[in-house]
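Student: Just so it is clear: in the sequence shown, position 310 is 1007 by my numbering, and no numbers are missing.
First the structure, then my questions, so here it is.
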Amino acid sequence: MKTIGRIAAFTMMLAVFPNVTSAASFTDVSAKHGAKQEIEYLVDKGVIKGFQDGTFKPQKEVTKANVATMLARALKLDLTNVKNPNLPDVPTTHTSYKEIAAVVNAGFMPGGEFKPYAAITRGEMARAITNAFGLSGDGRVSFSDVNSQYWAYKYIDALATNGITIGYEDGTFRPAASLTRAQFSSFLARALDPAFVKKNDASGVSTIPTVSASKKPAGTVSFNFNENYIYTYSTRTIAGGDQWHNEEMKAIGKNGDGWMVWEMNVAKKATYKFQTRNTTNNFEYTLPQAATSVGGHVYQLPYDAEIGSTWEHKGISYKLVAIKNTHTTKAATFKNVYVVESIENNKKMQTYYANDFGEILKLTADGQVQRELIRIKLVH
């Protein structure tokens, strides 16, 4: 995002809607509403307001004129003697003419037919916010309905890279869908305050896990995955070019030997199974494979390791190089994260294990992301 001064401009934004000044008084925003905190945050800062009948109308669509007005005020665009962009459907007599003209002239929203009363789509919103704040993406975000050739791909990728969106639980972004007041409040709050960036676009329900401790061995840490969640990773492959794909992983039950069986769907094209378990002294796992037998494929990480501890197993050298209080991925902020360095065939990697949650990040020797946990979903 751009400078603190630009972000601070949001807090001085005037409302573009009729006014009710107390967020707590909204009759249609209950205590359980997913975006209640964001709405209250923006109202308290004078960014947005409700209606004179005491409602907020969280499901009401946001128009392009609304967005243009809010961007113009937020970024303090000069509205004096604004140049006429000659939009065919926005005459100089339009109530939002100056704001729309200023936003178009600044390149935040496109010219031509503006359609000021049309509901803005999620893709159009991504373009406006990305342009207004000078955001950029890293090309690693993957939504099933937004490929790299889609016109708004770079804008959507920029929002995701900066934590402003994580999309929907089914892995989609839905770029052609309209944007509601509640959803826009969530996006805007995320742009203003990082505390809001881990909210699901659909409901605002936090995806930051409150992990219930699973049954652990005698040690103080568990590298094992949490069977209460479905994991989605973004994984980098070099074969055939530098590419990224998503992998979804979920627990499907235990076998008779105490192994938790996991099913991994790779790029929605191939499905594999692997198994994990905690013993008294180790976290044990198998390489992903279709076969159910794990003979000869069991790998171990010891418990009670301290920083600097080293060990070897099946030709791989390991070292516990760091213990972090927290580490944040695109999925969540995790506590008690153990960084394990491994060397196999002279290839060095670092894997981040969150206590009671398992692998959340894998880095190459030069610090490049090889695999990252980007979404999690509570299943029960």
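Cβ coordinates follow ideal geometry from the N, Cα and C atoms, glycine included.
Could you give the DSSP three-state label for Glu735: helix, strand or coil?
Tutor: Note: Glu735 maps to helix in three-state DSSP.
Student: Since Asn859 and Leu876 should fall inside the 8 angstroms C-beta cutoff, what is the C-beta to C-beta distance between them, to a whole number of angstroms?
Tutor: Contact doesn't hold; Cβ gap of about 18 angstroms is too wide.
Student: Buried or exposed for Gly687, going by 16 or more other Cβ atoms inside 10 Å?
Tutor: The structure shown does not extend to residue 687, since the chain spans only 698 to 1077, so no value can be given for it.
Student: Scan the stretch 1024-1067 and note each continuous alpha helix (DSSP H) run of 4 residues or more that stays entirely inside, going in chain order.
Tutor: You should have found no qualifying run.
Student: Can you tell me whether Lys951 is helix, strand or coil according to DSSP?
Tutor: In this structure, Lys951 counts as strand in the three-state DSSP scheme.
Student: Tell me the DSSP secondary structure of Gln880 in three-state form.
Tutor: DSSP places Gln880 in helix when its eight states are reduced to three.
Student: Exposed or buried, Ala1062, counting other C-beta atoms within 10 Å across all chains shown (16 or more means buried)?
Tutor: By the 10 Å Cβ count, Ala1062 comes out exposed.
Student: Quick one: Cα of Val1036 to Cα of Met1046, how far?
Tutor: Those two C-alpha atoms are separated by around 10 angstroms.
Student: Note down the Cα distance separating Ile745 from Leu739, rounded to an integer number of angstroms.
Tutor: Each residue's Cα considered, the two are about 6 angstroms apart.
Student: From the DSSP secondary-structure annotation, give me the bridge partner or partners of Val801.
Tutor: Paired residue(s): none; Val801 is not in a bridge.
Student: Measure from the alpha carbon of Met946 to the alpha carbon of each residue in Ala803, Ala892 and Thr932, then state which is nearest.
Tutor: Met946 has its Cα closest to that of Thr932, out of Ala803, Ala892 and Thr932.
Student: Look up Val740 in the DSSP assignment and say whether it is helix, strand or coil.
Tutor: Looking at Val740 - three-state DSSP - the assignment turns out to be helix.
Student: Considering only residues of the same chain and omitting the five flanking positions on each side of Ser990, which have a CB-CB separation below 6 angstroms?
Tutor: For Ser990, the pLDDT reaches just 45, beneath the cut-off of 50, and the residue's location in the model is therefore unreliable, although a value from the coordinates is still provided. Same-chain partners within the cutoff: there are none.
Student: Taking DSSP as the reference, what is the three-state secondary structure of Thr790?
Tutor: Residue state, collapsed to three classes: coil.
Student: With respect to the beta strand (DSSP E) encompassing Thr968, which residues constitute its N-terminal and C-terminal limits?
Tutor: That run of the beta strand (DSSP E) goes Ala967 to Asn975.
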